[in-house]
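Report on the following structure.
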Amino acid sequence: NAYYKASVDGYPPPNHCLSNCVCCRSAFLSAAKHFVEKDLEVSMAGRVFMITGANSGIGRATAMAIAKRGGTVHMVCRNKDKAEEARADIVKESGNKEIYVHILDLSETRKVWEFAEAFKRKYKALNVLINNAGCIMSERDVNAEGLEKSFASNVMGVYILTKGLIPLLEKSAEPRVITVSSGGMLVQKLRTGNLQTEIGRYDGTMVYAQHKRQQVVMTEQWAKTHSNVHFSVMHPGWVDTPAVANAMPDFHQSMKDSLRTPEQGADTAVWLAISEAAATKPSGSFFQDRRMVSAHLPLAWTHSSQLEQQKFMSVMEDLAKTFQPH
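Numbering (this note's numbering), first residue to last: -8 to 317.
If you want it as structure tokens, here you go:
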């Protein structure tokens, strides 16, 4: 598939292959013919959801879908004005007032710890955490703690928020954690020796793809150590979102008619978050278009050993602890 070759080269799929790509809009429409409609015909009244990056794109579409089904939604967003505007639209369209905004930049590592601890003190339940927020940097930059910013946001922020909230999830009914990854990770093997991208040329697209592989590994490992929480990770396909438009403007402009809508991109995340069918799938699995799929291409070199994965988790734990409030 030309999509994967293009990803290896660090670019989105070329124009001539997107129409046949497993990630485009037409592929979603084809897959949707086999969806079970009643899977999403459920009430979420009384269930509590947290969604990061919920003010635009996939996150906003996910928040809207859950709000329409009566769920309580905690929107975790970086920009207050955009978050409040999105909240107002969601409340107006869904008629659900149980929508709350929390301002947090996931790249600010200590603040992620502080937010998780404060949330556990204030709220008694969290049934579903959806790790959706992410970023692609055009050049290497560091946060106030000295961590490379995209790693801080895409990996460390997800790790700390999830680990920090697992005690609350474990006390709640039928807890789930869903992480929005990317098909770009299919051309990346887990790297533990250069987490901060301090060595070699900084290619933001490939750094992002590596982070998405790391999210898959974290999901698989969490599923093994926290058996009473259902973990999953998913690929939304190529979606027409502000993030894609900003990170890849030429690609977005030329291919926007073939990209999935935010609602189509969010569909599997919503399905994983609310359907009974999703909960019957093995925890730690990777999904696309409501199907459990392999996290590696056939005959791929991207597999890593259990020892490598455990080493990565150990490095993450040790690094996270250095920023934990005492």
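Glycine residues also receive a C-beta, built at the ideal position from the N, C-alpha and C atoms.
It should be emphasised that the depicted structure is a prediction, and the values quoted were computed from it without experimental measurement.
Local conformation of residue i per DSSP, three classes
i, result
"SER305", "helix"
"GLN279", "strand"
"TYR114", "coil"
"ASP189", "Asp is not the amino acid found at residue 189; the sequence shown has Glu there. Of the three classes helix, strand and coil, the one that applies to GLU189 here is coil, per DSSP."
"HIS243", "Interpretation of HIS243 is limited by its pLDDT of 47, a score under 50 that renders its predicted location unreliable; no figure is taken from the coordinates."
"SER144", "helix"
"THR259", "helix"
"GLU139", "strand"
"ARG182", "coil"
"ILE42", "strand"
"ARG251", "strand"
"VAL119", "strand"
"VAL133", "strand"
"VAL208", "helix"
"VAL27", "coil"
"GLU105", "helix"
"MET35", "coil"
"GLN297", "helix"
"ASP72", "helix"
"ARG60", "coil"
"GLY50", "helix"
"TRP213", "helix"
"SER266", "coil"
"GLN201", "helix"
"LEU290", "coil"
"SER218", "coil"
"GLU99", "coil"
"THR196", "helix"
Buried or exposed (CB count within 10 angstroms, at least 16 for buried), residue i
i, result
"GLY167", "Here the sequence assigns Arg to residue 167, which means Gly is not the residue at that position. Under this definition ARG167 is a buried residue."
"VAL27", "exposed"
"LYS102", "buried"
"GLN179", "buried"
"GLN297", "exposed"
"HIS317", "exposed"
"THR216", "exposed"
"HIS243", "Caution applies to HIS243, whose pLDDT of 47 falls short of 50 and renders its modelled position unreliable; the model cannot decide the point."
"SER318", "Absent from the structure is residue 318, since the part of the chain shown begins at -8 and ends at 317."
"GLY155", "buried"
"ALA36", "exposed"
"SER144", "buried"
"LYS203", "buried"
"ASP280", "buried"
"THR289", "Note that residue 289 is Pro in the sequence shown here, rather than Thr. It counts as exposed."
"ARG282", "exposed"
Proximity test, Cβ basis, 8 Å: residue i and chain B
i, result
"ASN46", "Although the question refers to chain B, the structure presented lacks it and comprises just one protein chain."
CB of residue i within 8 Å of CB of residue j, strictly
i, j, result
"SER141", "HIS226", "no"
"SER163", "ALA214", "no"
"GLY175", "ALA18", "no"
"PHE314", "THR100", "yes"
"ASN118", "ALA74", "no"
"GLU139", "GLN205", "no"
"GLY62", "SER98", "no"
"ALA270", "GLU161", "no"
"LEU95", "VAL133", "no"
"VAL92", "ARG78", "yes"
"LEU318", "HIS287", "The displayed coordinates of the chain run from -8 to 317. Any statement about residue 318 would go beyond what the structure contains."
"ALA107", "ILE151", "yes"
"SER218", "ILE169", "no"
"ILE157", "VAL208", "no"
"ARG251", "ARG51", "no"
"TYR193", "GLU267", "no"
"ARG60", "SER21", "no"
"ALA58", "ILE81", "yes"
"VAL230", "GLY191", "no"
"ILE127", "GLY48", "no"
"LYS113", "LEU159", "no"
Bridge partner(s) assigned by DSSP for residue i
i, result
"SER223", "ILE169 and SER276"
"HIS93", "VAL67"
"VAL82", "None, per the DSSP bridge assignment."
"VAL230", "ARG251"
"VAL284", "PHE277"
Cβ-heavy atom distance, residue i to the ligand GDP, below 7 Å
i, result
"VAL92", "Ligands in the displayed structure: none, and consequently the ligand GDP is not present."
Decide yes or no for the touch test of the region 113 to 131 against the region 39 to 49: beta carbon pairs closer than 8 Å, at least 3 of them.
yes
Would you call the region 256 to 263 in contact with the region 288 to 307, where contact means no fewer than 3 C-beta pairs closer than 8 Å?
no
Under 8 Å, with one C-beta from each stretch per pair, do the region 81 to 91 and the region 279 to 295 reach the 3-pair mark?
Touching, no, given that fewer than three Cβ pairs across the two stretches are closer than 8 Å.
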